[in-house]
Amino acid sequence: MKGNELLLEAVGGVDLALVEEAREVAWSRRRTGRRALTLALAAALVFALSATAYGYFGGADWFKSWFADKSGGLTASQAAYIDANAADIGQSVTVNGWTVTVRSALADQYDFCILLRIDPPAGTKLDADGGVIDMRDLSIGRADGADKGAASGHTAAVIWSEEGGGLTCVWTQGITARQGSNFSFLDGAERTVRLERLRVGPDTVVEGPWEFTLTLPTSGGEAAELAPEPVPCQGERLVVREGEGYERQSLDMTVTSFQLTALGAVAKVEYDPDTREKGAMLTLPVTVVLADGTEIKTTDLGGAYGDSQAEFRYQFPSPVVLSEVDHVQLPGGVMLPMPE
12 MKGNELLLEA
22 VGGVDLALVE
32 EAREVAWSRR
42 RTGRRALTLA
52 LAAALVFALS
62 ATAYGYFGGA
72 DWFKSWFADK
82 SGGLTASQAA
92 YIDANAADIG
102 QSVTVNGWTV
112 TVRSALADQY
122 DFCILLRIDP
132 PAGTKLDADG
142 GVIDMRDLSI
152 GRADGADKGA
162 ASGHTAAVIW
172 SEEGGGLTCV
182 WTQGITARQG
192 SNFSFLDGAE
202 RTVRLERLRV
212 GPDTVVEGPW
222 EFTLTLPTSG
232 GEAAELAPEP
242 VPCQGERLVV
252 REGEGYERQS
262 LDMTVTSFQL
272 TALGAVAKVE
282 YDPDTREKGA
292 MLTLPVTVVL
302 ADGTEIKTTD
312 LGGAYGDSQA
322 EFRYQFPSPV
332 VLSEVDHVQL
342 PGGVMLPMPE
């Protein structure tokens, strides 16, 4: 089960309480002939409903293979983190002959990865050349609704393998807890995952829903706060110049919070609204530096902007063992040390 054709696209600014902007997603063919699928997902809260239990094993091995392929390999401590924190779930639901299985999950306080398997009816072949599987209707929320409005998030999914006539994909989500919220994926609460429909060809839609009630694993680790006090730094604004693409310009920012977890990070910043050119996108490049000097590049999932504030969400190519982190590097030589 190789993931060499990994294609990952993040969709930002999705409120867990409602489905906002969803994008078209489609199959694409790589030069090798393998197919990859970028799946845009919108997160929403749903009610708890029952699902059929189905035994499945090997979730940790799947996640280790996936993360190793994304990052070029895992250290022994990273593999140990996945072994200790990935949990098999093994729930399957079949609707109209199509079976969706939630195989396993890995989570920290603000992020999760869920491994999904999609199997067509016997004798049915997925239209991988011209079709799409529309998973924008995939949602997750606490069964009791207690997390409504508590966070906003960035979600993405990617086809990991095509085997036995079916598809396996990894769904990832990283959220930002709203001020005053005690949101955590580690709360041990029952959550409901719901998939409304699958689009399995250019003119073929399979209506669901597929519904699952599950509890995410709770041992993945809390967030570390690296900016307990405001920290001035230099971010960037990307200004569109017609016919010239983006022009990068320096922008003074103050980091008011930087929370680091095993699977991702979120930075909250403030800036002078008069210095942000209308229509400009903002960014804050960051690098995680381990005690041995290893630098971990982050994937910037985009930001959410207010009049004078912004939030940036980052994802790591593989889990970061927080006890091995020395600091986070910001532009201009600014460092955020790990707390004692």
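Just so you know, the sequence shown maps onto residues 12 to 351 in this note's numbering.
All residues carry an ideal CB built from backbone N, CA and C; glycine is no exception.
| Query | Result |
| --- | --- |
| Runs of beta strand (DSSP E) lying entirely within the region 243-325, each at least 3 residues, in chain order | 256-271, 275-281, 292-294, 298-301, 306-308 and 310-316 |
| Beta-bridge pairing of residue 122 - partner residues as DSSP gives them | 185 |
| Closest residue to residue 204 among 221, 195 and 268 (Cα-Cα distance) | 221 |
| Opposing strand residues paired with residue 93 [DSSP bridges] | Paired residues: none, contrary to the question. |
| Beta-carbon separation (whole angstroms), residue 237 vs residue 347, contact threshold 8 Å | 4 Å |
| Residue(s) in a DSSP beta bridge with residue 104 | 111 |
| Residue 335 in three-state terms, based on DSSP | helix |
| Three-pair Cβ contact test at 8 Å for the region 218-233 versus the region 251-269 | no |
| Residue 70 - containing alpha helix (DSSP H), residue span | 70-82 |
| Where the beta strand (DSSP E) containing residue 217 begins and where it ends | 215-225 |
| Terminal residues of the beta strand (DSSP E) in which residue 195 lies | No beta strand (DSSP E) contains residue 195, which DSSP labels as neither H nor E. |
| CB contact flag (residue 200, residue 234, <9 Å) | no |
| Endpoints, the beta strand (DSSP E) within which residue 150 is located | 149-153 |
| Status (buried if at least 16 other CB within 10 Å, exposed otherwise) for residue 284 | exposed |
| Exposure label - residue 136; buried when at least 16 CB within 10 Å | exposed |
| Close Cβ partners of residue 335 (< 8 Å) along its chain, the five nearest in sequence each way excluded | 88, 301, 302 and 303 |
| Residues that residue 236 bridges to, as DSSP identifies them | 270 |
| Pick from 338, 93 and 272 that is closest to residue 74, judged by C-alpha positions | 93 |
| Where the beta strand (DSSP E) through residue 348 begins and ends | 346-348 |
| Proximal residues to residue 155 (C-beta, below 6 Å), its chain only, five neighbours per side dropped | none |
| Cα-Cα separation between residue 127 and residue 112, rounded to whole angstroms | 6 Å |
| Neighbourhood of residue 333 by C-beta, 6 Å cutoff - its chain only, sequence neighbours within 5 removed | 235 |
| Of the listed residues 243, 181, 242 and 291, nearest to residue 78 (C-alpha basis) | 181 |
| Cβ shell of residue 98 (< 7 Å), same chain only, five flanking positions each side left out | 70, 115, 116 and 228 |
| Three-way DSSP call (helix, strand, coil) for residue 58 in this model | Note that residue 58 scores 21 on pLDDT, short of 50, meaning its location in the model is unreliable; the coordinates nonetheless yield the value given after this. Residue state, collapsed to three classes: coil. |
| Environment of residue 214 [buried if 16+ CB atoms lie within 10 Å] | exposed |
| Proximity of residue 299 and residue 315 at Cβ, strictly below 9 Å | no |
| Simplified DSSP assignment, three categories, for residue 65 | Residue placement at residue 65 is poorly supported in this model, since its pLDDT is 28, which falls under 50; the coordinates are not used for a value here. |
| Straight-line gap, residue 91 to residue 152 (C-alpha atoms, nearest Å) | 29 Å |
| Of the residues 250, 342 and 286, the one placed nearest residue 319, counting alpha carbons only | 286 |
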